[in-house]
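Below is one structure, written out as structure tokens; comments come after it.
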Amino acid sequence: MRPNKPQTLSDELFRSSLEAILDPEHELLKLAQMIDWDRFDDAFGPFYHEHKGRRGLRTRLMTGLHLLKHMKGLSDEETCAAWLENPYFQAFCGESHFQHRLPFDRSSMTRWRRRIGTDDLELLLAETVAVAIKTKAVSQRHLERITVDTTVQTKAVAHPTDSHLILRAIEWLNRLAKRHGIGLRQSFIRLATRARREVARLLHTGGHKQGLR
Numbered sequence: 043m044r045p046n047k048p049q050t051l052s053d054e055l056f057r058s059s060l061e062a063i064l065d066p067e068h069e070l071l072k073l074a075q076m077i078d079w080d081r082f083d084d085a086f087g088p089f090y091h092e093h094k095g096r097r098g099l100r101t102r103l104m105t106g107l108h109l110l111k112h113m114k115g116l117s118d119e120e121t122c123a124a125w126l127e128n129p130y131f132q133a134f135c136g137e138s139h140f141q142h143r144l145p146f147d148r149s150s151m152t153r154w155r156r157r158i159g160t161d162d163l164e165l166l167l168a169e170t171v172a173v174a175i176k177t178k179a180v181s182q183r184h185l186e187r188i189t190v191d192t193t194v195q196t197k198a199v200a201h202p203t204d205s206h207l208i209l210r211a212i213e214w215l216n217r218l219a220k221r222h223g224i225g226l227r228q229s230f231i232r233l234a235t236r237a238r239r240e241v242a243r244l245l246h247t248g249g250h251k252q253g254l255r
């Protein structure tokens with residue numbers, strides 16, 4: 043079922059609101075004012091049934107938690123623990139009064155991500171970019187080109203060992219001879235392939251010097 047909008051409970055009328063006790067100049071409070079939270083309600087609302095099922099957690103709470111998680115580099119567990127202790131975290135997620143208990147299960151963040159899906163979660167990134175442009179932290183010109191650091195990504199690049207290079211050279215020479223109609227008594231490809239495997243075995247079993255020979 044769709045999440046409800048936040049409401050002020052009767053027993054909270056006699057408690058000090060977070061707005062009254064927190065510093066309005068704090069970076070999280072200023073950032074919260076710049077984010078278009080209704081945008082997330084409109085985008086993620088269709089993932090819930092209008093009338094059936096358990097009432098979903100407030101969209102601002104869940105989106106706020108995920109923004110804090112990535113801004114601070116925290117795990118789900120660490121984010122929940124920090125939210126419970128930090129009034130600025132709670133205010134950022136839309137709470138009007140300090141909460142002493144988590145209003146959700148610690149696994150709720152994982153289930154929420156599965157419900158929304160990877161593609162739609164990119165809306166969080168889009169909103170952070172929109173806020174960055176709005177606050178002039180970055181300009182539109184800086185977004186025209188993206189540099190991707192692929193240092194830790196798996197690459198289909200073979201390490202240029204001597205045995206590998208020699209085998210490739212033999213294969214290339216055989217193709218060149220065939221192209222020019224030159225007949226060879228022996229191609230040496232099968233012999234070079236076996237030799238390469240033997241070298242690799244020796245290098246991995248301690249016979250380094252023998253493998254280099």
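Numbering-wise, the sequence shown is residues 43 to 255 according to this note's numbering.
We put the CB at the ideal spot given by N, CA and C, even for glycine.
Which of helix, strand or coil does DSSP assign to E137?
In the sequence shown, counting from the first residue as 1, residue 137 sits at position 95. If DSSP states are grouped into helix, strand and coil, E137 belongs with coil.
Closer than 8 Å is the cut-off here; do at least three beta carbon pairs connect the segment 66–73 with the segment 152–168?
no
Distance, Cα to Cα, L226 vs W214?
Start at 1 with the first residue of the sequence shown, and residue 226 comes out as number 184. Start at 1 with the first residue of the sequence shown, and residue 214 comes out as number 172. The alpha-carbon atoms of L226 and W214 are separated by roughly 13 Å.
In the DSSP assignment, find the unbroken alpha helix (DSSP H) run with V171 in it and report its ends.
Your numbering for residue 171 matches position 129 in the sequence shown. For V171, the enclosing alpha helix (DSSP H) stretches over residues 160–176.
DSSP state of L244, grouped into three classes?
Start at 1 with the first residue of the sequence shown, and residue 244 comes out as number 202. Of the three classes helix, strand and coil, the one that applies to L244 here is helix, per DSSP.
Determine the direct distance from the alpha carbon of W154 to that of S117, and round the result to whole angstroms.
To locate residue 117, count along the sequence shown from 1; it is residue 75. To locate residue 154, count along the sequence shown from 1; it is residue 112. Computed Cα separation, rounded: 15 Å.
Three Cβ pairs or more, each shorter than 8 Å: is that satisfied between the segment 69–83 and the segment 140–158?
no
For the alpha helix (DSSP H) containing H142, list its first residue and its last residue.
The residue given as residue 142 occupies position 100 in the sequence shown. Careful: H142 lies outside any alpha helix (DSSP H) and carries neither H nor E.
Can you confirm whether the segment 125–135 touches the segment 168–177 when touching is taken to mean that 3 or more C-beta pairs between the two stretches lie within less than 8 Å?
no
Within 8 Å, strictly: CB atoms of M76 and V173:
Residue 76 sits at position 34 when you count from the first residue of the sequence shown. Residue 173 sits at position 131 when you count from the first residue of the sequence shown. In contact: M76 and V173 (Cβ atoms closer than 8 Å).
Expected contact under 8 Å - CB spacing of H139 and L60 to nearest Å
Taking the sequence shown and counting its residues from 1, the one referred to as residue 139 is at position 97. Taking the sequence shown and counting its residues from 1, the one referred to as residue 60 is at position 18. Contact flag correct, Cβ pair sits at about 6 Å.
Provide the residue span of the alpha helix (DSSP H) that contains N216, from first to last.
Residue 216 sits at position 174 when you count from the first residue of the sequence shown. Its alpha helix (DSSP H) spans residues 204–221.
Output needed for T50: all residues of its chain with C-beta closer than 7 Å, excluding positions within five of it in sequence on either side, in chain order.
Along the sequence shown, read from residue 1 onward, the residue named residue 50 stands at position 8. At T50, the pLDDT of 49 sits below 50, so the modelled position is not reliable; the number obtained from the coordinates is stated separately. Counting only Cβ-Cβ distances below 7 Å, and skipping sequence neighbours, we find S138.
Report, in whole angstroms, the separation of the C-beta atoms of C135 and G115, which I expect to be a contact under 8 Å.
As a working mapping, residue 135 is identified with position 93 in the sequence shown. As a working mapping, residue 115 is identified with position 73 in the sequence shown. About 18 Å separates the two Cβ atoms, so there is no contact after all.
Would you report the Cα separation of S205 and V190, rounded to the nearest angstrom?
Residue mapping note: residue 205 aligns to position 163 of the sequence shown, counting from 1. Residue mapping note: residue 190 aligns to position 148 of the sequence shown, counting from 1. Cα to Cα, S205 sits roughly 33 Å from V190.
Check whether F131 and L110 have beta carbons under 8 Å apart:
In the sequence shown, the residue the question calls residue 131 occupies position 89. In the sequence shown, the residue the question calls residue 110 occupies position 68. Yes; because the gap between Cβ atoms is below 8 Å, this pair is in contact.
Of the listed residues F89, I212, D78, A74, nearest to I231 (C-alpha basis):
On the sequence shown, residue 231 is found 189 positions in, with the first residue counted as 1. The option with the nearest alpha carbon to I231 is I212.
For I63, report the span of its alpha helix (DSSP H) as first-last.
In the sequence shown, the residue the question calls residue 63 occupies position 21. 60–63 is the span of the alpha helix (DSSP H), which, as asked, contains I63.
Backbone CA spacing between H112 and T101 [nearest angstrom]
To locate residue 112, count along the sequence shown from 1; it is residue 70. To locate residue 101, count along the sequence shown from 1; it is residue 59. Their Cα atoms are separated by approximately 17 Å.
With burial defined as no fewer than 16 other Cβ atoms inside 10 Å of the residue's Cβ, what is the status of T247: buried or exposed?
Counting from one through the sequence shown, the residue named residue 247 turns up at place 205. T247 comes out exposed.
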